[in-house]
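Working notes for the structure below.
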Amino acid sequence: MLKTRVITALALLAVLLPVLYFRNVLAFAVVATAFFFAAIWESNRLFRLTKLASWLAPLAAGAVFALAAGRIDAVGAYWFGAAVLLWLLRFVPGLATGLPALGTSSNALLCASYGVAILACFLAMIALFDHSSIYFLSVMALVWVADIGAYFCGKAFGKRKLALTISPGKSWEGAIGGGLCVLVLSSLLIVFGASLADSALADTFAARLQQRFGWAALVAVLLLTVAASVVGDLVESQLKRRAGMKDSSALLPGHGGVLDRIDALIPVLPLAALLSRYL
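Following my numbering, the numbering of the sequence shown begins with 18 at its first residue and continues without gaps.
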């Protein structure tokens, strides 16, 4: 399993690293469109709407590519704002109230809402990448650090379950530990970057946020970002549990599906892209 995970990761890096290095927005849009197509297909599988997916996924993927290729400055804020509202008004409450039954109109409506959230996530990827590769990766890194920190802190200290019926492995201690890791690492990078002339670290999401609004706002936004990443993870776990699926698909050998890798990013990236318009 580990060997398979490593081979898949290396194959993905071989595709992504040249795109990030050469900063070609069009090439990035093509890659993003491919992953978006896969994510929409997996989402519809989780909602048991595969026939709907065969019609909507190609249309949605084409829309993403068209918007990305022509830049999304004019429409980005609407998508990002809509996604943030969806998470606040539908997906977060749904963790407590539960999901509608499969095969109902409510399930189809929720599927469409989740599709909008996924679309906004990929549009946010393109918007953040359009700013700079470092800036884009700095937002992604917040989620990665939170996830890794939560895993190790949960293993070491986890006692109180965060959402027992949805994801038994997650704990409050792990989530808090992940948040602390994000705060500490971001603060160190900001301080270290400020001491270096023309440092690339100055062009990160956390650094821009601190420069624009100060340390208190930085802490608040980073904690909100970590909370959003946890919610994104829990929502996908909730969908998989209802569908009786361990992974969203087997498209990425050793890793599961695309949604399994980006679930925590789906609420975070639109939020970061929306805030970035004021940085």
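We put the CB at the ideal spot given by N, CA and C, even for glycine. Just so you know, these numbers come straight off a predicted model, no measurement behind them.
According to DSSP, is P185 part of a helix, a strand, or is it coil?
In this structure, P185 counts as strand in the three-state DSSP scheme.
Which first and last residues belong to the alpha helix (DSSP H) in which L235 is found?
It spans 232–260 - the alpha helix (DSSP H) in which L235 sits, taken as one unbroken run.
Opposite L180 in the DSSP bridges: which residues?
Sequence inspection shows Ala at residue 180; the Leu mentioned does not correspond to that position. Answer is S184.
To the nearest angstrom, how far is the alpha carbon of M157 from that of A113?
Cα to Cα, M157 sits roughly 27 angstroms from A113.
L288 versus Y95: straight-line alpha-carbon distance, rounded:
Spanning the two alpha carbons is a distance of roughly 12 angstroms.
Leaving out five residues before and five after C128 in sequence, what residues of the same chain have Cβ atoms less than 6 angstroms from its Cβ?
Taking C128 as the centre and dropping the five residues before and after it, the same chain places the C-beta of F64, L66 closer than 6 angstroms to its C-beta, in chain order.
Spatial neighbours of V247 in its chain, beta-carbon cut-off 6 angstroms, leaving aside the 5 residues before and after
Once the five neighbours on either side are set aside, the close Cβ partners of V247 are A192.
From what residue to what residue does the alpha helix (DSSP H) around N61 run?
Per DSSP, the continuous alpha helix (DSSP H) segment holding N61 begins and ends at 42–63.
How should V32 be labelled, buried or exposed, when 16 other C-beta atoms within 10 angstroms of its C-beta is the threshold for buried?
Counting the other CB atoms within 10 Å of its CB gives V32 a total below 16, which places it among the exposed residues.
State yes or no: is the C-beta of R278 within less than 8 angstroms of the C-beta of L286?
Not closer than 8 angstroms, so no.
Considering only the beta carbon of each residue, do L291 and G98 sit closer than 8 angstroms?
In terms of Cβ geometry, L291 and G98 form a close pair [threshold 8 angstroms].
Using 10 angstroms around the beta-carbon of A173, count the other beta-carbons present and answer buried if the total reaches 16, otherwise exposed.
With fewer than 16 other Cβ atoms from the protein chains shown falling within 10 Å of its own Cβ, A173 counts as exposed.
Output yes or no for whether 8 angstroms exceeds the beta carbon distance between V252 and F108.
Contact flag set, yes.
Quick check: the Cα distance between V208 and T50, rounded to an integer number of angstroms?
Approximately 36 angstroms, taken between the alpha carbons.
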